Each structure stands twice: as C-alpha cells, then as structure tokens.
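Each remark here refers to the structure printed beneath this line.
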Amino acid sequence: MMTKQNKLDVVTFGEPLVMFYANEIGELDQINSFSKALAGAESNVAIGLSRLSHRTGLVAKLGNDSFASFIKATLQHEGVDISSISTSDERPTGMLIKSKVASGDPKVEYFRKFAAASTLNLSDFDHSYFESARHLHATSISAALSDECFEFATFAMEHMKRQGKTVSFDPNLRPVLWKDEKTMIEGVNKLAILSDWFLPGLGEGKRLTGYDTPEAIADFYLERGPSIVVIKLGPEGAYYKTKESQGIVNGFKVEQVIDTVGAGDGFAVGVISGLLEGLTLPEAVKRGNAIGALAVMSPGDMDGLPDRAKLEGFMKI
Ligand SMILES: Nc1ncnc2c1ncn2[C@@H]1O[C@H](COP(=O)(O)OP(=O)(O)OP(=O)(O)O)[C@@H](O)[C@H]1O
Ligand SMILES: O=C(O)C(=O)C[C@H](O)[C@H](O)CO
C-alpha cells in the first residue's frame, strides 16, 4: 500500500457514500430490490484517475461502521490512496438511494446530514499530504456539507495555488445541501474563482452567472481567476475557452443511456488526466467527452469509468 511519503499526481477531498440503486424502474418507496455501490463525486473522480494509472489520494472522514469498511476496501481495490481517510466514532458514514428511470435523471435521496464527512475541518488539513500531489481536484459538494467543510475547501484550494499546484473545480451543484440559492451561488463562485480549470455544466453556468451563452459564462470566470473554462453540454459534448482560444468538441454517440449520474465526474477524469499528461485542451476535452459517454452507459456512478485499454478502444470507434 502507498504511504503518505509517496508522491501523488492528484489529491481530492470529499464524502464517499454508500449508494443503494434501484434494480427496477419506479418510485423509490415502491422498490424492494437495490444494489450496493460506492458513490461520491470526488471518490468517483479519484477512481477514474486511478484506473488511468494516475496516483490519486482521497482525503475524507468516515464513521466507524461497515459502510466505511466497504468504502475503504473499494477505494483500496481501485488503487486510490486512503491513508488520509480518518474515522469518527461519533458520526456515521453517509448513504444515498437512487431510483431507476426509463429516461431523464433518476431521483436521489441523501442520508448524510449528520454524517462524519460534514465534520472535516481545518485541523484535519495535512499540509504534507496535499503538497505531495501535483494537482488538487475539488467540487462544491464537499464544501456544502457544513461551514467547517467550506472553510476546509477554501483553504485547500488557496493553499495548493500558493504552492504552485494546479486546481480543478467542478461545481456539481447540489441545492439541497445549501441553506438557500443565494448562499449557494455566492459560495460556489467564491471557490470557482480559486480554480485554474473550471468545469461547470451549461445549466450550472447559467444559474451561477445569470448569463445564457457558454461564451458569456466562460468570460465571467476567465476575468476572475481560472485560465481554462470548460462547459459541459450533455450529449452535444463541451465548449472550452481560454484567453487565447475557444471551441466546441463534439460528444460521442451513445446508443442507450442507462444512468446520467456520474457523467460529469467521468468528464472531469478525462480533462484532468489529459491536461496532466500534456494533451492539448481540445484533446483533453475530447477524452472528457469519451469518459462522460462511457459513464452514462452503466447504472452505477463509477462503474463505467474505463481503464486505459477500454478508453483507447472506445475513442477509436
Ligand atoms: N447522452 C450522452 N451521450 C453522449 N455523451 C454524453 C451524454 N451525456 C453526457 N455525456 C458526456 O458527459 C459529459 C458530462 O455530462 P453532463 O453535461 O450531463 O454533465 P453534468 O451535468 O456535470 O453531469 P452530472 O449529472 O454527472 O452532474 C458531457 O459533456 C458529454 O461529453
Ligand atoms: O450527489 C452527490 O452528492 C454524490 O456525491 C453522489 C454521486 O456519486 C455524484 O453526484 C455523482 O457526481
């Protein structure tokens, strides 16, 4: 197992959750059969990067329960470094249930309000662990869990920037986790402008800026901090803009969408891994589109994330 002294490519922090996803289509209260899997935006990204051989560590706090054992064993099996996951004896590990739908987005219900993850705070910030990575990936989900988590996220992003590391940020808006819309928009924008690579969906960008077009949304952020803005456009692909260039990279064709959740995490895996490997921005966005497409073809949030051979095979088609 990797120790804290090893250098990481990417560090991320957040709340891995146990997910029970419905095996049949219908309202959640009517479903009797669920499958268990690991979920959590940051752990999905960590696993996706690890499958592409990027050394990745996840910083998190879990309960002292069988959900935590399952999460840690799964992450470890995937090659993600878990040496900075700590345990709380007072709080449980969070979970969620997800419905199955014939089309559109499934319904998700969270059971995470008093979970251990929401107690992650500045005293848990291990400077040497974060600094051992080249890159930090963050989302606003972990920042929304509590005021201390927001402080942790802000500090982590500022600290990594001061250390000369790159920082990516996916808003991954979860309105139910915030006090109200205004607090969410202000909080998410405060974090977004600390990032170098900002990766919102088009709907999220509209909600966060009030602008309607991908170009105006990108400009809003390019003027405030990030050097790269990539806006996800669902099946159509993605739009990117920097101070020097802009363009659209078309999405991949998917015959049957099984579950839309996790596409954004797959997309982040493609863009981050691509840029860290020295691909051009349009090439990295193309890889993001490919992994996003692979993610919507499977029911779990992370089981569609490919290894290198699967990714190359899919991108050749
Ligand atoms: N139906 C689809 N067909 C092909 N590619 C898709 C499809 N849905 C998503 N993708 C790919 O995945 C990327 C991310 O998807 P999307 O735009 O839905 O992000 P998101 O809203 O952040 O997702 P999430 O639901 O995970 O938060 C898209 O930019 C696209 O490349
Ligand atoms: O929705 C959340 O808060 C999660 O972290 C669970 C999912 O795995 C995540 O939404 C996928 O992006």
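Per UniProt numbering, the very first residue in the sequence shown carries number 1; after that it's consecutive.
Using N, Cα and C, we set each Cβ at its ideal position, and we do this for glycine too.
Just so it is clear, the structure is predicted and the values come from calculations on it, not from any experiment.
- [ ] Measure the CB-CB distance between TYR21 and SER35 and report whether it falls below 9 angstroms.
- [x] Along the sequence shown, one-based indexing puts residue 21 at 21. Along the sequence shown, one-based indexing puts residue 35 at 35. For TYR21 and SER35, yes; Cβs fall inside 9 angstroms.
TODO: Enumerate in chain order the residues of its own chain whose CB-to-CB distance from GLY237 is below 7 angstroms, with the five nearest sequence positions on each side excluded.
DONE: Reading the sequence shown from its first residue, position 237 is the one you call residue 237. Same-chain partners within the cutoff: ILE248, VAL249, ASN250, GLY251 and ASN289.
Open item on the list: I need the DSSP call for THR3, collapsed to helix, strand or coil.
Closed with: What you label residue 3 is simply residue 3 of the sequence shown in a count that begins at 1. Residue placement at THR3 cannot be trusted, given a pLDDT of 45 that sits under 50; what the coordinates show is reported in the next sentence. Three-state result, THR3: coil.
TODO: For LYS316, count neighbouring Cβ atoms within 10 angstroms of its own Cβ and tell me buried if that reaches 16, exposed if not.
DONE: Indexing the sequence shown from 1 puts residue 316 at position 316. LYS316 should be labelled exposed.
Open item on the list: Extract the residue ranges of the beta strand (DSSP E) inside the segment 153-198, only unbroken runs of 3 or more that lie entirely within it.
Closed with: 166-170
- [ ] Would you check if there are 3 or more beta carbon pairs closer than 8 angstroms linking the segment 11-29 to the segment 106-119?
- [x] When C-beta atoms of the segment 11-29 are compared with those of the segment 106-119, three or more pairs fall below 8 angstroms, so the two segments count as touching.
- [ ] Whole angstroms is fine: what's the gap from ASP65's alpha carbon to THR93's?
- [x] Along the sequence shown, one-based indexing puts residue 65 at 65. Along the sequence shown, one-based indexing puts residue 93 at 93. The straight-line gap from Cα to Cα measures roughly 7 angstroms.
Task: Residue interval of the alpha helix (DSSP H) (run including ILE291) - done: Taking the sequence shown and counting its residues from 1, the one referred to as residue 291 is at position 291. Per DSSP, ILE291 belongs to the alpha helix (DSSP H) from 281-295.
Open item on the list: Can you tell me which residues form a DSSP beta bridge with HIS127?
Closed with: Mapped onto the sequence shown, residue 127 falls at position 127. DSSP output for HIS127 lists no bridge partner at all.
- [ ] Name the one or two DSSP bridge partners that LYS232 has.
- [x] Position 232 of the sequence shown, counted from the start, is the residue given in the question as residue 232. Paired residues: GLY201 and ALA238.
Open item on the list: Which same chain residues end up closer than 6 angstroms to PRO235 when comparing Cβ atoms and leaving out the 5 residues on each side of it in sequence?
Closed with: Against the sequence shown, residue 235 aligns to sequence position 235. So the list reads GLY251, once near-sequence residues are dropped.
TODO: Please confirm whether any heavy atom of ligand 1 lies closer than 8 angstroms to the CB of VAL257.
DONE: Position 257 of the sequence shown, counting from 1, holds the residue named residue 257. For ligand 1, at least one heavy atom lies less than 8 angstroms from the Cβ of VAL257.
TODO: Answer yes or no: the CB of ASP303 versus the heavy atoms of ligand 1, is any distance below 8 angstroms?
DONE: Mapped onto the sequence shown, residue 303 falls at position 303. Checking the Cβ of ASP303 against ligand 1 gives no.
Open item on the list: Given this structure, state the Cα-to-Cα distance separating ASN121 from ARG91, to the nearest angstrom.
Closed with: Within the sequence shown, the letter at position 121 stands for residue 121. Within the sequence shown, the letter at position 91 stands for residue 91. Answer to the nearest angstrom: the Cα atoms are 14 angstroms apart.
Task: Cutoff 9 angstroms: MET95 Cβ touching any chain B Cβ - done: Any reference to chain B falls outside this structure, which holds one protein chain only.
Open item on the list: Taking 7 angstroms as the limit between beta carbons, can you name the residues of its chain near PHE111, skipping five residues before and five after?
Closed with: Stepping through the sequence shown from its first residue, residue 111 is reached at position 111. Once the five neighbours on either side are set aside, the close Cβ partners of PHE111 are GLY94, MET95 and LEU96.
Task: Length of the line joining the Cα atoms of ILE228 and SER33 - done: Here residue 228 refers to the residue found at position 228 when the sequence shown is read from its first residue. Here residue 33 refers to the residue found at position 33 when the sequence shown is read from its first residue. Going from the Cα of ILE228 to the Cα of SER33 covers about 43 angstroms.
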